[in-house]
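Q: In order, the protein sequences belong to chains P and D. Counting with numbering that gives the first Met the number 0, you get residues 0 to 444 for the letters of the first sequence. Counting with numbering that gives the first Met the number 0, you get residues 0 to 313 for the letters of the second sequence.
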Amino acid sequence: MAIPVEMPKMSDTMEEGVLVSWLVDEGAAIAPGDVIAQVETDKATMDLESYDDGVLLKKVVNEGDAVPIGALIAVLGKENEDISDILSNYENVGGDGQQGAAPATIDSAPDSGEQSSASAPAAPILPEDGRVKSSPLARKLAAEHGLNLATVRGSGPDGRIVKRDVVAAVGSGYQAQPAVAKQAPATPTTPAAPARTPSPVAPPPPVLPMATDQPDETVRISQMRKTISRRLSESKFTAPHFYLTIDVDMAATAEARSKVNALAEKQGGAKISFNDFVTKACALALRSHPAVNASYNEKDGVIAYHKQAHVAVAVAVDEGLLTPVIRNADFKGLDQIARETQYLAQRARAKELQPDEFQGSTFTTSNLGMFGIEEFTAIINPPNACILAVGAIRNTPVVRDGELAIGTMMKVTLSCDHRVVDGATGAAYLDTVRSFLENPATMLL
Amino acid sequence: MVEEMDRDDRIFLIGEEVAQYNGAYKVSEGMLDRFGEKRVIDTPISENGFSGLGIGAALNGLRPIVEFMTFNFSFVAIDQLINNAAKIRYMSGGQFGVPIVFRGPNGAAGQLAATHNTSTESIYATIPGLKVVSPSNPDDAKGLLKTAIRDDDPVVFLESEVMYGMKGEVSDASDYLIPIGKARVAREGTDVTLVAHGKSYWLALKAADELEKDGHSVEVIDPRTIRPFDIDTVIESITKTNRCVIIDESNPFASISSEIAYQIQERAFDHLDAPVLRITSKDVPAPYAKNLMEYYMPQVQDAIDACKKVMYVN
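#1: Would you mind reading off the limits of the alpha helix (DSSP H) that contains P:ASN88?
#2: What do you get for D:ARG102, buried or exposed, if any count of 16 or more other CB atoms within 10 angstroms of its CB means buried?
#3: Using only the alpha-carbon positions, how far apart do P:PRO214 and P:ALA141 sit?
#4: Closer than 7 Å between beta carbons: that is the criterion. Which residues of the stretch 261-291 of chain D meet it against chain P?
#5: Starting from P:ALA137, find everything on chain D with Cβ-Cβ shorter than 7 Å and list it in chain order.
#6: Can you name the residues of chain D whose CB is closer than 8 Å to the CB of P:LYS162?
#7: Taking only the alpha-carbon atoms, compute the straight-line gap between D:LYS239 and D:TYR311 and give it to the nearest angstrom.
#8: Ordered along the chain, which non-local residues of its own chain (more than five positions away) have a Cβ less than 8 Å from that of D:GLU258?
#9: Assuming D:VAL161 and D:ALA112 form a contact by the criterion Cβ under 8 Å, report the distance between their Cβ atoms to the nearest whole angstrom.
#10: Could you check how far apart the C-beta atoms of D:ALA203 and D:ILE246 are, in whole angstroms? I think they sit under 8 Å.
#11: Return no unless some Cβ of chain P is closer than 8 Å to the Cβ of D:TYR311.
#12: In chain order, what residues of the stretch 146-159 of chain P put their CB closer than 7 Å to some CB of chain D?
#13: So what does D:ARG186 bridge to, in DSSP terms?
#14: Could you work out which residue in P:LEU352, P:LEU436, P:LEU262, P:ASP157 is closest to P:ASP275 when comparing CA atoms only?
#15: Would you list, in sequence order, the uninterrupted beta strand (DSSP E) runs of no fewer than 3 residues that lie entirely inside the stretch 327-412 of chain P?
#16: Out of D:ILE44, D:VAL132, D:ILE177, D:GLY164, which has the shortest C-alpha to C-alpha gap to D:GLU15?
#17: Counting along the chain, where does the alpha helix (DSSP H) carrying D:LYS87 start and finish?
#18: According to DSSP, P:CYS415 sits in a beta bridge with which residue or residues?
#19: Is there a Cβ from chain D that is less than 8 Å from the Cβ of P:SER221?
#20: If you measure between the beta carbons of D:LYS86 and D:ARG226, is that distance less than 8 Å?
#21: Can we say the stretch 230-247 of chain P touches the stretch 57-71 of chain P, given the rule of at least three CB pairs closer than 8 Å?
#22: Who are the Cβ neighbours of D:THR146 in its own chain at under 7 Å, not counting the five residues just before and after it?
#23: If you follow the alpha helix (DSSP H) that D:PHE49 is in, where does it begin and where does it stop?
#24: Using only the alpha-carbon positions, how far apart do P:ILE2 and P:VAL19 sit?
#25: Just checking my contact of D:ILE64 with D:ALA84 at CB under 8 Å: how many whole Å lie between their CB atoms?
#26: If you compare alpha carbons, which of P:LEU55, P:PHE362, P:PRO67, P:ALA167 is closest to P:VAL17?
#27: From D:PHE34 to D:VAL275, what does the alpha carbon distance come to, in whole angstroms?
#28: Just the C-alpha distance for D:ILE303 and D:ASP213, rounded to the nearest angstrom, thanks.
#29: What is the rounded straight-line gap between the Cα of D:PRO127 and the Cα of D:GLY60?
#30: Rounded to the nearest angstrom, what separates P:PRO187 and D:ARG266 at their Cα positions?
#31: Could you compute how far the alpha carbon of P:ARG346 sits from the alpha carbon of P:ALA238?
#32: Pairing CB atoms from the stretch 184-198 of chain D with CB atoms from the stretch 72-84 of chain D, are three or more of them under 8 Å?
#33: Below 8 Å, how does it come out for the stretch 283-295 of chain P and the stretch 304-314 of chain P: are there three or more Cβ pairs, yes or no?
#34: Return the first residue and the last residue of the alpha helix (DSSP H) that P:ASN260 is part of.
#35: I'd like the list of long-range same chain contacts for D:HIS270, defined as Cβ closer than 7 Å, with 5 residues on each side in sequence excluded.
#36: Note down, in chain order, every chain D residue with its Cβ under 8 Å from the Cβ of P:SER365.
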């Protein structure tokens, strides 16, 4: 019996996948565990393994097509087996199979019409090549009559629109061609005379050619951007955000950091960043503030209080951002946190992050300090209750014991989901985080 | 030739069998008797030699007509044509011209096999300094040859063995000169332009007759001169018909038809309703076998099919 291969759910947040490339040909024998294709999810490009054995009878999806989870992408079975049942099943059932390709078609339609530029890789799903073919004369006639060739049916080879098609479309308004053509060569010599007669206003002087009329470039929205769009919109529009900012004196952390890094250099340990201290402090603080380490689950009507502190760290990648997770960060030493963060960030940038490396966070931090951003507000990464936006460490005047001094300060802003966290709860959490960072030795307790 | 030699005693005819034998194809019949052996001169089989002799004579004030028994044999003398005749005016800064006519039969003439069936027009037309003329009928042959003989620069005058026997009205006008570089609209039409020179012209007329029966109006243009080519006449026709088919006996690669098609797309792109098509001989040396030769050469049906294709009719 033939076996359908469906688009699997490869990450928590995945709703559809793009079949990037087929790695086997139709007719090839497949064993369980064989990698048959590569699929781009919202997070990474992943190998698609077969669960079954058999011969790959048909590739239902073209390379570059985006299909939803559960859509039919291929059929396995015995050679020459009849697969029409499976194909028609998927066509009918919920429209998941054949219609699965529809979103992609709609997505690419706008840019494949007139401009056709950037969408070339997605072209295979379009009928034929989607190009309006016409003879040069037909184009010229159409332009003269203001006729849109896309509305004309071509009678020439491969649907080429030729003179007679344009003439028919324009109808009796068509004027015989030779009259126009014969006048054309004469025009260069004549215009001087008639141009002089009326012309009450002088024409504007010719403008130097500038690249001001370049058409927009359109690029298909990637899976990652779609996910960012969907999840952050959902977060911002459903979770009522409020923001708490606090200024943290980082002098002690800076001192501690230079000491541990000096040691790390000697012993070949990982170089520890300020952000690793922040990760550690946030994770430890979660222990004493269960309301912040929580998720508002409207669907099930519950609030989940997490017993582990899994801190996600936002990492900028070419296409957008990813949030790899440092699990149980409260139990991990700074060296371990530094190593894991560096490793996961590297994998994120290489699009190699696997689901267990970016799923399951309970809290998230986002740091734009390296860009000199003093403070900012972040959008909560659902289903977290809070996200901490970390600004730059800067030397700034501070008043200490009534004296003006130079402080080493860092502003952090906590975005809180008011459905779970109230103002005082969030403020108390921030105070704990500050206390850890201002007295790093207490993180050892 | 006789009229011109009567008119100008600097003109002489030189070639293989032009005198005693009255011409291999009797083109020079009676000329030895009329002008004597100083002006109608037999040569050994030595194209390179007598071509060079002609060029030297031209440089020194005479006006030779050099006959090749066929233009296939001109290849033996091609250095004389290309490097000497064509380039001396340029290389001498205009001090010396070469008023000479190289004439003889060109192109395919039946079962003569590969080395006697070459169409040379695209070879000579590619050389700056040479004019190339290819008449399609007796009247044009007379008017164009007289002009070629009076021209002060070298002219390659391409005749056809199979058209030597053709009879037709010829003008008696004493100075009957048809200008070089001017095409003739041989037949007016509105649906497609057929361009065909020399022998192919007759094929074009037959195709036009056949198409007329189906109600298609074909315009036939005889270029008469290959170089300089009268592209203006062709372009004017295409602005009316919007379609063009070229018949050219040459081998297809880099042939006259390639050049014409190029110039058409350059000058009349917006007037074209279909790609320019061409009918040529096949891209192989000419075969000997009769059936293969028919397959090798352009046929009337090929021209009809091409015209229908560009008119989008079946």
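Even for Gly, the Cβ is constructed at its ideal location relative to N, Cα and C.
A: Judging by the given coordinates:
#1: Residue 88 of chain P sits at position 89 when you count from the first residue of the first sequence. Note, P:ASN88: alpha helix (DSSP H), 83-91.
#2: Here the question's residue 102 of chain D lines up with position 103 in the second sequence. Classification of D:ARG102: buried, given that the 10 Å Cβ count is 16 or more.
#3: Translated into the one-based positions of the first sequence, residue 214 of chain P becomes position 215. Translated into the one-based positions of the first sequence, residue 141 of chain P becomes position 142. Roughly 22 Å separates the two Cα atoms.
#4: PHE268, ASP269, HIS270, LEU271, ASP272, ALA273
#5: Position 138 of the first sequence, counted from the start, is the residue given in the question as residue 137 of chain P. Result: ASP272.
#6: For the purposes of this step, residue 162 of chain P is identified with residue 163 of the first sequence, where counting begins at 1. Residues of chain D passing the Cβ test: ASN241, ASP272.
#7: One-based indexing of the second sequence puts residue 239 of chain D at position 240. One-based indexing of the second sequence puts residue 311 of chain D at position 312. Going by the C-alpha atoms only, they are around 17 Å apart.
#8: Residue mapping note: residue 258 of chain D aligns to position 259 of the second sequence, counting from 1. Cβ within range, chain order: SER121, ALA124, PHE228.
#9: Position 162 of the second sequence, counted from the start, is the residue given in the question as residue 161 of chain D. Position 113 of the second sequence, counted from the start, is the residue given in the question as residue 112 of chain D. Incorrect: roughly 16 Å between the Cβ atoms, too far for contact.
#10: The residue labelled residue 203 of chain D in the question sits at position 204 within the second sequence. The residue labelled residue 246 of chain D in the question sits at position 247 within the second sequence. Contact flag correct, Cβ pair sits at about 5 Å.
#11: The residue given as residue 311 of chain D occupies position 312 in the second sequence. Taking Cβ atoms only, chain P reaches closer than 8 Å to D:TYR311, which makes this a yes.
#12: SER154, GLY155
#13: The residue you call residue 186 of chain D lines up with position 187 of the second sequence. D:ARG186 pairs with D:VAL219.
#14: Numbered from its first residue, the first sequence carries residue 275 of chain P at position 276. Of the candidates P:LEU352, P:LEU436, P:LEU262, P:ASP157, the one whose C-alpha sits nearest the C-alpha of P:ASP275 is P:LEU436.
#15: 362-366, 385-399
#16: Taking the first residue of the second sequence as 1, we reach residue 15 of chain D at position 16. The option with the nearest alpha carbon to D:GLU15 is D:ILE44.
#17: What you label residue 87 of chain D is simply residue 88 of the second sequence in a count that begins at 1. Per the sequence presented here, residue 87 of chain D reads as Ile, with Lys not at that position. From DSSP, the alpha helix (DSSP H) with D:ILE87 extends over 87-90.
#18: Looking up residue 415 of chain P in the first sequence gives position 416. Looking at the DSSP assignment, P:CYS415 forms a beta bridge with P:PHE241, P:CYS385.
#19: Position 222 of the first sequence holds residue 221 of chain P. No, its Cβ sits nowhere closer than 8 Å to a Cβ of chain D.
#20: Against the second sequence, residue 86 of chain D aligns to sequence position 87. Against the second sequence, residue 226 of chain D aligns to sequence position 227. No.
#21: no
#22: Residue 146 of chain D sits at position 147 when you count from the first residue of the second sequence. So the list reads LEU176, ILE177, PRO178, ILE179, once near-sequence residues are dropped.
#23: Residue numbering aside, residue 49 of chain D sits at position 50 when the second sequence is read from its first letter. Segment 46-58, the alpha helix (DSSP H) holding D:PHE49.
#24: Here the question's residue 2 of chain P lines up with position 3 in the first sequence. Here the question's residue 19 of chain P lines up with position 20 in the first sequence. Roughly 22 Å between the two C-alpha positions.
#25: Taking the second sequence and counting its residues from 1, the one referred to as residue 64 of chain D is at position 65. Taking the second sequence and counting its residues from 1, the one referred to as residue 84 of chain D is at position 85. That belief does not hold up - the Cβ atoms of D:ILE64 and D:ALA84 are roughly 13 Å apart, past 8 Å.
#26: As a position in the first sequence, residue 17 of chain P is number 18, starting the count at 1. Nearest option by C-alpha distance: P:PRO67.
#27: Counting from one through the second sequence, the residue named residue 34 of chain D turns up at place 35. Counting from one through the second sequence, the residue named residue 275 of chain D turns up at place 276. Using only the alpha carbons, I get a separation of about 49 Å.
#28: Counted from its first residue, the second sequence places residue 303 of chain D at position 304. Counted from its first residue, the second sequence places residue 213 of chain D at position 214. The straight-line gap from Cα to Cα measures roughly 11 Å.
#29: Residue 127 of chain D sits at position 128 when you count from the first residue of the second sequence. Residue 60 of chain D sits at position 61 when you count from the first residue of the second sequence. Near 22 Å, if we compare the C-alpha coordinates of D:GLY60 and D:PRO127.
#30: Locating residue 187 of chain P in the first sequence gives position 188, counting from the first residue. Locating residue 266 of chain D in the second sequence gives position 267, counting from the first residue. The predicted position of P:PRO187 is uncertain, since its pLDDT is 43 and thus under 50; no value can be drawn from it.
#31: Position 347 of the first sequence, counted from the first residue, corresponds to residue 346 of chain P. Position 239 of the first sequence, counted from the first residue, corresponds to residue 238 of chain P. Each residue's alpha carbon lies about 30 Å from the other.
#32: no
#33: yes
#34: For the purposes of this step, residue 260 of chain P is taken as residue 261 along the first sequence, with counting starting at 1. Taken as a continuous stretch (DSSP letters only), the alpha helix (DSSP H) holding P:ASN260 covers 250-266.
#35: Taking the first residue of the second sequence as 1, we reach residue 270 of chain D at position 271. Correct list, in chain order: ILE237, THR238, ASN241.
#36: Within the first sequence, the letter at position 366 stands for residue 365 of chain P. None at all; the shortest Cβ gap to chain D is about 57 Å.
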